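**Q** With the sequence shown counted from 1, adding 226 to any position gets you our numbering.
Backbone N, C-alpha and C fix where the C-beta goes; we use that ideal spot for every residue, glycine too.
Model, not experiment: these values are computed from the prediction.
Pasting a structure here, questions to come.
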Amino acid sequence: MMSRYNGSELTEIEHIWQSLEDIATTPIGSRVMRREYGTLLANLMDQPISEALYLKIYSTLYTAYVRWEDRIEISQIQVADLKKGQLILDIVGFLKTSGNEVNMSIPLKFGAAA
Numbered sequence: 227m228m229s230r231y232n233g234s235e236l237t238e239i240e241h242i243w244q245s246l247e248d249i250a251t252t253p254i255g256s257r258v259m260r261r262e263y264g265t266l267l268a269n270l271m272d273q274p275i276s277e278a279l280y281l282k283i284y285s286t287l288y289t290a291y292v293r294w295e296d297r298i299e300i301s302q303i304q305v306a307d308l309k310k311g312q313l314i315l316d317i318v319g320f321l322k323t324s325g326n327e328v329n330m331s332i333p334l335k336f337g338a339a340a
């Protein structure tokens with residue numbers, strides 16, 4: 227498993243973190259040969275902040291993670307911070323191979339913030 231940023235070797239948890247980041251930041255329909263891959267998250271970033279927005283964020287992320295990342299069982303997704311074009315996710319889950327709990331914080335940037 228290799229880092230897409232610098233080519234260094236990654237641990238399983240680091241690779242899962244990278245995968246979750248990639249899934250979240252890839253708009254559905256943008257990947258050739260895998261049009262369903264990704265989330266609708268980029269479309270949500272310009273909406274006014276509200277409880278409904280948080281539910282949409284959780285829904286699109288959880289649906290995509292369950293479909294595209296099968297090494298982890300997600301038990302909680304929390305938006306730790308939401309600013310214009312930036313989102314920080316706190317994710318709690320369990321590795322399916324070992325059952326060990328995993329806590330991750332994933333910063334995401336969209337649009338001009340990226």
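1) How big is the Cα-Cα spacing for A250 and G264?
2) Leaving out the 5 sequence neighbours to the left and right, which residues in its chain are closer than 8 Å to T286 when beta-carbon positions are compared?
3) Which residues in the same chain as M227 place their Cβ atom closer than 6 Å to its Cβ, once the five residues preceding and following it in sequence are excluded?
4) Is D248 helix, strand or coil by DSSP?
5) Classify S285 as helix, strand or coil using the three-state DSSP reduction.
6) Does DSSP classify I242 as helix, strand or coil?
7) Taking DSSP as the reference, what is the three-state secondary structure of N269?
**A** Concretely, from the data shown:
1) 6 Å
2) T265, L266, L267 and L270
3) L236 and H241
4) helix
5) helix
6) helix
7) Under the three-state reduction of DSSP output, N269 falls in the helix class.
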